[in-house]
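Following: one structure in C-alpha cells, then a few remarks.
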Amino acid sequence: MLELIYYKNHIKREVDMCGIVGYVGEKSALDILLEGLTNLEYRGYDSAGIAVNVDGKVELYKAEGKLQNLKDLTSEQREHIIRSKIGIGHIRWATHGAPTTINAHPHSCNCGRVAVVHNGIIENYKELRAKLEKEGCVFRSQTDTETVAHLVAKKYAETKDLTEAVRLATMEIEGAYALAVIHQDVKNTIVATRRNAPLLVGIGEGEFYIASDVPAIIQYTKTAMYLDDNQIVTLTPKTMKLIDINNNELPQKIETLPWEPVALSKMGYKHFMLKEIHEQPDVVRNVLGGKLRTIDENIILNEVTLNKDSLKHLGRIQIVACGTSLHAAMVGKYIIEELCGIAVDVEPSSEYIYRTTVGDEKTLVIGVSQSGETADTITAVRQAKARGSHILIITNRPDSTMAREAGSLVPVNAGIEVSVAATKSYMAQVISFYLLAIYIAEIKQSASKDELQKIKRELILLPQKLEKVLSHKEDVQSCARKFSNSKDFIFIARGINFPTALEGALKLKEISYINATGYTAGELKHGPIAMLDESMPVLAILMKGKVYDKILSNAEEARARNARMIALTNSEDSKLNELFESIIRIPDVDETLSPVLAIVPLQLLAYYIAEFLGKDVDQPRNLAKSVTVE
Ligand code: M6R
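According to the working numbering, the residues represented by the sequence shown are 1087 to 1716, in order.
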C-alpha cells in the first residue's frame, strides 16, 4: 500500500521527548496543528511533522530542524493539505544521535494507513522491533516510536477497532509515552493515551484538540480534560470516550484552564526572554499576594498541608531540582538554614536518584520545577515519597505530573514561561522559598520577630526595586557590548549569592554558548585563578553585608592576575572605580534579599550578549524547555 511521505531531508536516527498536538473537527487542521506546534516549540526544535487525512488518505509531512522548515514544506502544498479536518503533529527534541527527517514523527507502518506521534521513550522497543521484524514489519527509522505504529497496525488488523488496537498495543509497551494515533480506515478519529508523559484534551464546539501542554490549545479553548496514566481517549468531532487500560469506561473530569492566550504573546518585546525578564516585578507581586499581607501578620501558606507539629519537629530537608530550579533551591537552603535552623541538603535530582539517599517521615523533601515535568525530579520525589517523606512541590505548573505527586503544592504563579532560558520562574521560586522559610520560622519561632519583620519589609519593597533595575539597563548593555567577544566568563560570589553566580553563568552559557562558570570567590585561589589573564572577564557579585570585604579581596587577587574585572554591586563606594573596568549598580538591598535583585542584571547581560552575537535567544541550540527524559 502507498504511504505518502513528503521529506525535506533524509538520513536516520533514534528516540526523543518533545511535544504533540492533534485536531479533529469541522475546521481545516493544518493551521491549528502548525500554530499548536509553534506554541510547543519550547519543548524541542530538532524536527517537526504532521499527519493529515486528505480525501481519505493519510499523508505525512516532516522536516528536519526548526518548525519553519515544516511550515515551508507544507506551504508548498497548502491548497491540498488544508482539505484535511483531522491531523496530529509533533515537535521533537532528540535524545540519542542526530535529529533527522526520517526519524521525525509522525511514524507509520508497512501499509502507511497508521500515523503515530509520541512524546517519551518506549523502553522495550528493541525487543518489540525484533519481534515485529520477524513478522514482516519493515522499519524505516531508528526510533522507538515506529514500533508503536507497527504494533497498532497489527492490532488493528486483528480487531478492526482503533481504540482497542491502541489499548492492546499499550499493554505490550514499556516506558513513558503520550501517544496520538490516526488510521486511514477510521474516519475522523484520533485515539490518544499517556503514561508518565503529559497530555490534555481541549474541548470545543464540535471539535477536540489534544496537546502535550496548554499553550498549544489555549487560544482555541479553555475547557479541557487532563488524561491520567493509562487512560485512553477516543475523539471524533462530536464525541469523546474515555476508558482505562482494562477497557472500563471512565467519567470525564472536565475543567477550565487557568491561563490566558495573552501569555503567549511577546507584547512588543523582541524575544520572550526579554518580556519574561520584564515581567518579574509583577511576578513577585503575584507570589507575595495574599501570603504576605503586612509585616505584622504571619505568612499565610495554606498550600503547606504538613501539620505544624510535624513542621516543628522536622529532622532535615532535602531539596531536589535541576538547572535553574536547582539554583533557586540553593538560595532556599541559605534562607531556611538561616531562619529555621533546619539542615538542608540540595542536590541535582539526577544525582539523588542514583545513590543511596537517607530519608524518613521526619524528612521533608522539596521538589522544585518550573515545568513540573522534569523526569529526574519526578523520579526523585517518587523515591522520597516511597520512603515516607512528605513531598512539597514548588512549581509553575499546578497541572503537572509533579504537582500530582505532591503532599503540599506551592504554585509559584509566574505565568507561562515560553523562553527556554528560565528567568521569571526562577524569580518566583526564590520568592516562594523566602515565604516558606519565614512560614516555618514563624511556626518554630526559630528567628526573632524583628529579623522576620525586616525581611518581610524588604520583600514588600522588592517589586519597586526590580522596576528600578529594569529601567536602568544602560550599564548592562554597555558591559554586554564590551564583553560579547569573550570566549570565557567567570562569575564569583560568596554566601547567598553563590547560586546567583551559578545562575548568571548558566544563563550566559545557555543562550550565548560562551563558556561561563560560577565559583565561590574563596575557591578561586585553589585552582581556577590559574586561568586568569587579560582576556578573562571576572564578574564579582559584590553585595554589602557579611562577605563584602572578603569578595573585594578575592576580586583584587583576580585583578592582580590581569583579569578584566566587572562588579555587580549595591555599593556606592568610589574605590570600586579603580578596581573594576565596568560596574553594574543595583539599588540598595539587604544582603539576605540581594539574590532577587542581583540576578536580573545577569539575566539581561546574558540576553544582550546573545543578541549582539546574533544567537537564537528563545530557542538555544540543543536545549528544550522541559526535559522529560532521564
Ligand atoms: O522545568 P524545570 O524547572 O524542572 O527544568 C529544569 C531545567 O531543565 C531548567 O531549569 C533548565 O536548566 C533551563 N533551561 C534553565 O534556563
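Glycine included, every Cβ here is placed at the ideal spot set by N, Cα and C.
Return the residue from the list the options that minimises the CA-CA distance to residue i.
{"i": "Leu1120", "options": "Asp1132, Lys1157 and Tyr1128", "result": "Lys1157"}
{"i": "Ala1137", "options": "Val1110, Gly1130, Ala1180 and Ala1641", "result": "Val1110"}
{"i": "Gly1501", "options": "Val1373, Glu1620 and Pro1614", "result": "Val1373"}
{"i": "Thr1187", "options": "Cys1197, Leu1538 and His1176", "result": "His1176"}
{"i": "Arg1215", "options": "Gly1590, Ser1227 and Thr1279", "result": "Ser1227"}
{"i": "Lys1148", "options": "Asp1619, Gly1135 and Thr1160", "result": "Gly1135"}
{"i": "Leu1407", "options": "Thr1380, Tyr1438 and Ile1421", "result": "Reading off the sequence, residue 1407 comes out as Ala, not Leu. Of Thr1380, Tyr1438 and Ile1421, the residue nearest in Cα terms is Tyr1438."}
{"i": "Leu1392", "options": "Leu1495, Arg1468 and Ile1296", "result": "Leu1495"}
{"i": "Ile1546", "options": "Ile1381, Pro1192, Gly1401 and Thr1465", "result": "Ile1381"}
{"i": "Thr1231", "options": "Arg1647, Ala1201 and Leu1521", "result": "Ala1201"}
{"i": "Leu1387", "options": "Phe1584, Asp1368 and Ala1523", "result": "Ala1523"}
{"i": "Asn1139", "options": "Asn1155, Ala1190, Arg1199 and Gly1151", "result": "Arg1199"}
{"i": "Thr1073", "options": "Glu1244, Lys1559 and Glu1219", "result": "The chain is shown only over 1087 to 1716; residue 1073 falls outside these bounds and no answer can be derived."}
{"i": "Leu1330", "options": "Thr1322, Thr1342, Leu1343 and Leu1313", "result": "Before going on, a small fix: residue 1330 reads as Asp here, not Leu. Nearest C-alpha to Asp1330: Leu1313."}
{"i": "Gly1590", "options": "Val1686, Glu1560 and Thr1279", "result": "Val1686"}
What first and last residue would you give for the beta strand (DSSP E) that runs through residue i?
{"i": "Leu1146", "result": "Lys1143 to Glu1150"}
{"i": "Thr1307", "result": "Looking at the DSSP string, Thr1307 is not in any beta strand (DSSP E), and its letter there is neither H nor E."}
{"i": "Lys1327", "result": "Met1326 to Asp1330"}
{"i": "Gln1317", "result": "Gln1317 to Leu1321"}
{"i": "Met1622", "result": "Counting along the chain, Met1622 falls outside any beta strand (DSSP E), and DSSP gives it neither H nor E."}
{"i": "Asp1574", "result": "Asp1574 to Ala1579"}
{"i": "Leu1495", "result": "Ser1494 to Pro1497"}
{"i": "Glu1232", "result": "Premise fails: Glu1232 lies in the alpha helix (DSSP H), Thr1231 to Thr1245, not in any beta strand (DSSP E)."}
{"i": "Asp1431", "result": "Ala1429 to Pro1434"}
{"i": "Ala1134", "result": "Ser1133 to Val1140"}
{"i": "Ser1668", "result": "Ser1668 to Arg1671"}
With a threshold of 16 other CB atoms inside 10 Å of the CB of residue i, please say whether the residue is buried or exposed.
{"i": "Gln1531", "result": "exposed"}
{"i": "Ser1133", "result": "buried"}
{"i": "Lys1711", "result": "buried"}
{"i": "Gly1418", "result": "buried"}
{"i": "Ile1128", "result": "As written in the sequence, residue 1128 is Tyr, which differs from the Ile given in the question. Burial call: buried."}
{"i": "Met1353", "result": "exposed"}
{"i": "Met1488", "result": "buried"}
{"i": "Ser1660", "result": "exposed"}
{"i": "Tyr1242", "result": "buried"}
{"i": "Val1703", "result": "buried"}
{"i": "Leu1336", "result": "exposed"}
{"i": "Arg1169", "result": "exposed"}
{"i": "Ser1564", "result": "exposed"}
{"i": "Lys1171", "result": "buried"}
{"i": "Gln1689", "result": "buried"}
{"i": "Met1257", "result": "exposed"}
{"i": "Gln1705", "result": "buried"}
{"i": "Thr1463", "result": "buried"}
{"i": "Pro1344", "result": "exposed"}
{"i": "Tyr1440", "result": "exposed"}
{"i": "Glu1697", "result": "buried"}
{"i": "Ile1340", "result": "exposed"}
{"i": "Val1224", "result": "exposed"}
{"i": "Asp1635", "result": "exposed"}
Starting from residue i, trace the alpha helix (DSSP H) in both directions and tell me its first and last residue.
{"i": "Met1416", "result": "Gly1409 to Cys1426"}
{"i": "Ala1527", "result": "Lys1510 to Lys1530"}
{"i": "Ala1591", "result": "Phe1584 to Ser1598"}
{"i": "Met1359", "result": "Phe1358 to His1364"}
{"i": "Arg1086", "result": "The structure shown has nothing for residue 1086, since the chain only spans 1087 to 1716."}
{"i": "Gly1122", "result": "Ala1115 to Asn1125"}
Is the beta carbon of residue i within less than 6 Å of some heavy atom of the ligand HEM?
{"i": "Gly1409", "result": "Summarising the ligand content, the structure contains the ligand M6R and does not contain the ligand HEM."}
Write down the C-beta distance between residue i and residue j rounded to the nearest angstrom, noting that I regard them as a contact closer than 8 Å.
{"i": "Val1555", "j": "Pro1673", "result": "7 Å"}
{"i": "Leu1691", "j": "Val1562", "result": "5 Å"}
{"i": "Val1454", "j": "Ala1414", "result": "6 Å"}
{"i": "Leu1588", "j": "Ile1695", "result": "Not a contact, Cβ separation roughly 17 Å."}
{"i": "Tyr1263", "j": "Ala1239", "result": "No, Tyr1263 and Ala1239 are not in contact; Cβ-Cβ is about 17 Å, not under 8 Å."}
{"i": "Ile1318", "j": "Ile1296", "result": "Rounded, the Cβ-Cβ distance is 12 Å, inconsistent with contact."}
{"i": "Gly1122", "j": "Cys1104", "result": "Incorrect: roughly 13 Å between the Cβ atoms, too far for contact."}
{"i": "Ile1106", "j": "Ala1235", "result": "No, Ile1106 and Ala1235 are not in contact; Cβ-Cβ is about 14 Å, not under 8 Å."}
{"i": "Arg1645", "j": "Leu1665", "result": "6 Å"}
{"i": "Glu1063", "j": "Val1430", "result": "The structure shown has nothing for residue 1063, since the chain only spans 1087 to 1716."}
- Query: Would you call the segment 1477-1495 and the segment 1670-1678 in contact, with 3 or more CB pairs under 8 Å?
  - Reply: No, the segment 1477-1495 does not touch the segment 1670-1678.
- Determine contact between the segment 1320-1335 and the segment 1286-1295, defined as no fewer than three beta-carbon pairs at a distance below 8 Å. Flag = yes, the segment 1320-1335 and the segment 1286-1295 touch.
- Message: Within 8 Å, do at least three Cβ pairs link the segment 1568-1581 to the segment 1626-1636?
- Response: The segment 1626-1636 makes contact with the segment 1568-1581; the number of CB pairs closer than 8 Å reaches 3 or more.
- Task: Taking 8 Å as the threshold, find out whether the segment 1260-1273 comes into contact with the segment 1127-1147 through three or more Cβ pairs.
- Result: Result yes; three or more Cβ-Cβ pairs closer than 8 Å.
- Message: Using a Cβ distance threshold of 8 Å, determine whether the segment 1599-1610 contacts the segment 1503-1520, with at least three qualifying pairs required.
- Response: A contact between stretches requires three or more CB pairs, one per stretch, nearer than 8 Å, and the segment 1599-1610 fails this requirement with the segment 1503-1520.
- Message: Across the segment 1649-1661 and the segment 1607-1626, are there enough close Cβ pairs to call them in contact, namely three or more that are closer than 8 Å?
- Response: Using a Cβ-Cβ distance cut-off of 8 Å, the segment 1649-1661 and the segment 1607-1626 are in contact, since at least three pairs of beta carbons, one from each stretch, lie closer than that value.
- Query: Would the segment 1390-1402 and the segment 1448-1456 be scored as touching if the rule is three or more Cβ pairs under 8 Å?
  - Reply: Touching, yes.
- Message: Whether or not the segment 1432-1447 and the segment 1611-1622 are in contact is what I'm after, with contact meaning three or more pairs of Cβ atoms, one per stretch, closer than 8 Å; do they touch?
- Response: With a cut-off of 8 Å, the segment 1432-1447 and the segment 1611-1622 do not count as touching, because too few Cβ pairs lie within range.
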